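One structure below.
Residue numbers (the working numbering): 7 to 237.
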């Protein structure tokens, strides 16, 4: 698919910051390394593996790097791999930091595999940092180009541990605090038990509660939450 202009997929979510991210105990090392990378003092080649949280953290790196006057590019391959790699990757090695999410989307696509391999080589010469991310570690990807597969193995790999039930409830409470709401333990557990338990769904319910709370000038109490969630 050849188009002359990339979509807004390259835009950053303003809410995707490190301050808005709940760091579980098993994720502290990975997040610490990403913060350092965003500052320009960390490693040059980092690979983040995990099923949830990747998109937020890659964009958080971009926001932090930009706040320090650095040039960045966020590239979600799941949304852009139908475009030509030349269009998507043209000149990105001139950035200070390039974040590529959904690396697994390259597997079996010769044009993209070759283009990312070439990007790797160009970034080595330009001192651009590369942050790649996917659900699985590099060895689990079905990359057909041996040169690219071997280069991915050279990255420092950090795994994002899965969030426990307690972690997800704590993340819900942290997001409420960011929104300026107080969410007690009992209220957080009530919400958690009554909706889909992935963070995206939990945060969506919380934002809906926040909207009703502001519109009706009501704080979050158990009766109010029960009323809204019954709709």
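Quick reminder that beta carbons are idealized off the backbone N, C-alpha and C, glycines included. Here the structure is a predicted model, which means the values were calculated and not measured.
Could you tell me the alpha carbon to alpha carbon distance between residue i and residue j, rounded to whole angstroms?
| i | j | result |
| --- | --- | --- |
| residue 151 | residue 180 | 43 angstroms |
| residue 9 | residue 89 | Reliability of the predicted coordinates at residue 9 is poor, the pLDDT of 45 falling under 50, and the value obtained from them is presented with this limitation in mind. Roughly 7 angstroms between the two C-alpha positions. |
| residue 87 | residue 125 | 15 angstroms |
| residue 189 | residue 205 | 16 angstroms |
| residue 30 | residue 166 | 9 angstroms |
| residue 71 | residue 212 | 29 angstroms |
| residue 127 | residue 99 | 9 angstroms |
| residue 172 | residue 116 | 43 angstroms |
| residue 111 | residue 232 | 41 angstroms |
| residue 40 | residue 114 | 29 angstroms |
| residue 160 | residue 235 | 48 angstroms |
| residue 104 | residue 220 | 38 angstroms |
If the criterion is Cβ atoms closer than 8 angstroms, does the pair residue i and residue j meet it?
| i | j | result |
| --- | --- | --- |
| residue 182 | residue 169 | no |
| residue 52 | residue 68 | no |
| residue 144 | residue 108 | no |
| residue 121 | residue 91 | yes |
| residue 141 | residue 57 | yes |
| residue 323 | residue 102 | There is no way to answer for residue 323, as the model of the chain reaches only from 7 to 237. |
| residue 54 | residue 164 | yes |
| residue 119 | residue 154 | yes |
| residue 174 | residue 217 | no |
| residue 192 | residue 201 | no |
| residue 28 | residue 66 | no |
Have a look at the DSSP bridge pairing and note the partners of residue i.
| i | result |
| --- | --- |
| residue 137 | 52 and 105 |
| residue 82 | 107 |
Could you give the DSSP three-state label for residue i: helix, strand or coil?
| i | result |
| --- | --- |
| residue 89 | coil |
| residue 162 | strand |
| residue 75 | coil |
| residue 173 | helix |
| residue 21 | coil |
| residue 207 | helix |
| residue 200 | coil |
| residue 29 | coil |
| residue 36 | helix |
| residue 45 | helix |
| residue 235 | helix |
Say the cut is 7 angstroms; is the CB of residue i nearer than that to a heavy atom of the ligand FAD?
| i | result |
| --- | --- |
| residue 52 | Absent from the structure shown: the ligand FAD. Ligands present: none. |
Can at least three beta-carbon pairs, one atom from the segment 30-48 and one from the segment 185-194, be found at a separation below 8 angstroms?
Counting C-beta pairs with one atom in each stretch, the segment 30-48 and the segment 185-194 have fewer than three that are closer than 8 angstroms, which means they do not touch.
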